[in-house]
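Worksheet for the structure shown next.
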Amino acid sequence: MSDAARETSATAQAPSVARADPGLFVRMDAGSREAKLDLVVQSMHCAGCMRRIERALGELDGVSFARANLSTKRVAVKWDPSRLKPAAIVEKLASIGFEAVPFDPKLIGALDQDEGRKLLRAMGVAGFAAANVMLLSVSVWAGLVSDMEPATRALFYWISALIALPAIAYSAQPFYRSALAALRNRQMNMDVPISLAVTLATGMSLVQTIVNAEHVYFDASITLLFFLLIGRYLDVQARNRACEAAQNLLGLRAVAATVVDADGSQRSVPVEALEPGMVVAVAAGARVPADGIVAGGISDIDTSLVTGESLPELVRPGAHVFAGTLNITAPMQVTVTARDEHSLLAEIVRLMEAAEQGRSAYVRIADRAARIYAPSVHVLALSTVLFWLAMGSGFVVAITNAIAVLIVTCPCALGLAVPVVQVVATGRLLKHGILLKAADGLERLSEVDTIVFDKTGTLTLGRPHLIDEGVSATDLSVGAALARSSRHPLSRALVESAGAKPLPVLSDIHEEPGQGLEGRLGDEIVRLGSREWVGASEFGAAAHGGPELWLRRGTARPVCFRFVDQLRPDAAETILALKALGFSIELLSGDREPAARAAAEALGIAVWRAGARPDAKIARLKELAGEGHKVLMVGDGLNDAPALRVAHVSMSPADASDISQTAADFIFQGAKLGAVVEAIEVARKSRRLVFENFALALAYNAVAIPLAFAGFVTPLIAAVAMSTSSITVTLNSLRLGRLRKASE
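Per my numbering, the sequence shown starts with residue -5, numbered consecutively.
Here it is, written out as structure tokens:
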């Protein structure tokens, strides 16, 4: 299919979202038994729109949560399904002038693309008209100081009107539609004063043209629209780029799955139709269609999509696999354990959405400032008219200055100061495998001065590795032959260390729970397990400080297999980088003292504590907070979850326990710890950009408003100045996208 055909198809599909029953997109929260629904409101363009939407939904009986997000045009709603139907939510938004459609990852991109194309066409028309009208205006300006005849000037003005009026009627539609929808519902939004300014400037210019006055402002009207459309188009593009990474993840899913029925027959079904318990066949080179457990076959899986690891992972029956991962080596069968909307990929997208649906302190400040905009600017414009009339100036001068005030006070720059930074930062982190869950997580992370790490599974990989010092190849192969009958982590590490070489065949293998394995090699009894069970104490063999397995063949002297938990590949490099950034580093581990000491010494962490129970970790974090420190806690285990909640901000690896991931503000994927440095760099840069944006917006208003009120700013200059401030804020925010990854 050609690109044009795909584009046409996507556009044709987009309306089906609007016609879809919102009840089909409702998700149930198992914990609270509330219904959840995500909607898209394309006509939401300002903080006033967000406030109206949230207030209207809050008035519905049964709604417990309503949160609008300006950057993504998303609205998240939670309610009691026994008291409210999902259709009533959509109808309520329609009653206040907002058309809402259910969020569907497969079709919502078409809506965004359609909006972008409409804005681009409107911007093109406005830009073409503005360029031509400006050429005519320059000629008139030159003629005003020379000998241009009034008839020639009138001709130029009429030509400008013929160019500007159709262009304004077409290009201003996004603003007029939004303003009219608000006024019909007796509401105000940011587009009302914009539309008023454009209408007054155009109407006054047409009247001035009819009476052949010296000054008209068609150039101001069309130039204002051109720059406003540039800002709005950039906003749409920034939002699309921020959501692109998550949507690309969903795009890597399989489209269809091959289901294997009980009688062995196979049939193809959409991935949406898969249910837990179904068995699907996954061919070599195909993507796994759903989260599940391998039921048959041995293959290598490319899990880089989920874990960030470049090396394939060997999977056997019983291994967990995830939707979107690539089956590389051989065919296999997978038993589905989760529906499509509950897959890991879908959860990753929801984590990002949850962060974006929140509202940070910076956003709340911008919201409060923008909330008073509409009434204030109308009062200011009216005051301008009355002031100049009182000064004895004519009605035309008073209206002209009021138009300049309306234009110059547009709060686009302030409205974009925070959302664009948040969207770009969230997208930047997601592209590097870091998921932001808390709305104010970036703010809190930028304030951190102390970092506390857990050891096992955080600084280390949480996977034991054999130290083969003094172990013969024969003992290793015999131990591995026995260990492959067990799924104990140490047994699996022992088998992995033996590699692919042939192993001896043992018979009569059985496992003693909590003790170890016993088998027979020829006439010899072989045991693999704890020190006491194999009888190593009888020989005075010393115990290893870390994890260990003992092997005893017959009456021979036992052999010890010693294991260590490997540090993450870049753990030492990351700790050095964090120290260079000025952070205090501590290690709080629940592991034994020898293991904690070894890790601390290897990484150069001077302050560490072993055997720390959850209450001890919480006590230490509270102690640091009492000393005035802002602490980042990085942990992964069940025992870390309380500490993750208590810390000022927290991070957890993607392979952590579910409860730790729930408690953490950030989740990072892959085996590398450098994600901590990356997140901190992005958080600090985001904070600087937010304050820079606030300063730019406030400085612009502090200078422009008094000048416009005093009559020193024409509507054209006001249009250029206002639009330039908005574009400056947006471009300043987009600088964050060029921030290099810390590990690069």
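Every residue gets a Cβ at the ideal spot worked out from N, C-alpha and C, and that includes glycine.
Option nearest residue i by Cα separation, candidates the options
i, options, result
"G318", "V265, E542 and G312", "V265"
"G510", "A70, L500, S480 and P498", "S480"
"A741", "P636, V412 and S58", "Residue 741 lies beyond the range of the chain shown here (-5 to 738); nothing can be said about it."
"K666", "S37, G493, L455 and F685", "L455"
"L597", "R586, A619, A566 and G584", "A566"
"P647", "I428, R546 and A419", "I428"
"P160", "R180, E143, D502 and V119", "V119"
"V276", "E269, V330, I224 and P270", "V330"
"A419", "I292, A677, R607 and G605", "A677"
"I162", "M142, A145, F220 and M128", "F220"
"G286", "G279, H314 and D296", "H314"
"A432", "D448, H642 and I699", "H642"
"F316", "I322, A332 and A324", "A332"
"T203", "R49, L177 and A155", "A155"
"A715", "G705, L683 and V697", "V697"
"A158", "I216, M184 and D141", "I216"
Distance between residue j and residue i (C-alpha atoms, nearest Å)
i, j, result
"A123", "Q663", "50 angstroms"
"T722", "A693", "12 angstroms"
"L710", "V132", "12 angstroms"
"A214", "M38", "25 angstroms"
"R639", "F660", "12 angstroms"
"T724", "V414", "7 angstroms"
"L320", "A284", "11 angstroms"
"I503", "Q327", "28 angstroms"
"Q260", "I292", "20 angstroms"
"D32", "C404", "30 angstroms"
"L500", "A29", "56 angstroms"
"E595", "A467", "31 angstroms"
"V309", "A251", "20 angstroms"
"L400", "M22", "46 angstroms"
"S727", "Y211", "32 angstroms"
"R729", "G121", "25 angstroms"
"P541", "L484", "8 angstroms"
"K611", "L423", "28 angstroms"
"A175", "M44", "14 angstroms"
"G258", "E269", "18 angstroms"
"V186", "L177", "8 angstroms"
"A236", "Y227", "Because A236 sits at a pLDDT of 49, beneath the cut-off of 50, its placement in the model cannot be relied upon, and the point is left open."
"G435", "S680", "11 angstroms"
"I224", "M117", "7 angstroms"
"G473", "A60", "59 angstroms"
"R49", "E208", "48 angstroms"
"T452", "M627", "11 angstroms"
"V671", "H426", "12 angstroms"
"D630", "N687", "36 angstroms"
"N395", "L129", "23 angstroms"
"R682", "V417", "15 angstroms"
"S471", "L430", "45 angstroms"
"K86", "H372", "28 angstroms"
"L218", "F447", "53 angstroms"
"E307", "N63", "39 angstroms"
Nearest-angstrom Cβ-Cβ length linking residue i and residue j, presumed shorter than 8 angstroms
i, j, result
"V69", "V35", "6 angstroms"
"R547", "E518", "6 angstroms"
"V254", "V274", "7 angstroms"
"T323", "D296", "Their Cβ separation, rounded to whole angstroms, is 10 angstroms, which puts T323 and D296 out of contact at 8 angstroms."
"L522", "L543", "6 angstroms"
Min CB distance residue i to chain D below 8 angstroms
i, result
"M716", "Going by chain labels, chain D is absent from the structure shown, which holds only one protein chain."
heavy atom of the ligand PLP below 7 angstroms from residue i C-beta
i, result
"D294", "No copy of the ligand PLP appears in this structure; indeed no ligand is present at all."
Please determine if the segment 184 to 197 and the segment 89 to 97 are in contact, where contact requires at least 3 C-beta pairs separated by less than 8 angstroms.
Segment contact: the segment 184 to 197 against the segment 89 to 97, fewer than three CB-CB distances shorter than 8 angstroms; contact not assigned.
Are at least three pairs of beta-carbons, each pair with one atom in the segment 449 to 464 and one in the segment 557 to 566, less than 8 angstroms apart?
They touch, by the three-pair rule.
Touch check for the segment 373 to 391 and the segment 164 to 178: three-plus C-beta pairs under 8 angstroms?
Output reads no: the segment 164 to 178 does not touch the segment 373 to 391.
Could you give the uninterrupted runs of the beta strand (DSSP E) lying entirely in the segment 454 to 508, keeping only those of 3 residues or more?
Fully enclosed beta strand (DSSP E) runs of 3 or longer: 454 to 461 and 501 to 506.
Would you mind listing the beta strand (DSSP E) stretches within the segment 48 to 110 that are 3+ residues and don't spill past its ends, in chain order?
Counting whole runs of 3 or more residues, the segment 48 to 110 contains the beta strand (DSSP E) stretches 57 to 63 and 68 to 73.
Determine, using beta-carbon pairs with one atom in the segment 604 to 616 and one in the segment 579 to 592, whether at least three such pairs fall under 8 angstroms.
Taking 8 angstroms as the limit for Cβ pairs, the verdict is that the segment 579 to 592 does touch the segment 604 to 616.
Please list the segments of the beta strand (DSSP E) lying wholly inside the segment 544 to 601, counting only runs of 3 or more residues, in order along the chain.
Within the segment 544 to 601, the complete beta strand (DSSP E) segments of 3 residues or longer fall at 553 to 561 and 578 to 582, listed in chain order.
Start-end ranges of the beta strand (DSSP E) lying completely within the segment 646 to 697, minimum 3 residues:
As far as the segment 646 to 697 is concerned, its whole beta strand (DSSP E) runs of at least 3 residues are 660 to 662.
Ranges of the alpha helix (DSSP H) found wholly within the segment 168 to 210, counting only runs of at least 4:
Whole alpha helix (DSSP H) segments, 4+ residues: 185 to 204.
Counting Cβ pairs, one atom from each stretch, are 3 or more of them under 8 angstroms apart for the segment 74 to 86 and the segment 44 to 54?
Cβ pair count under 8 angstroms is three or more, so yes.
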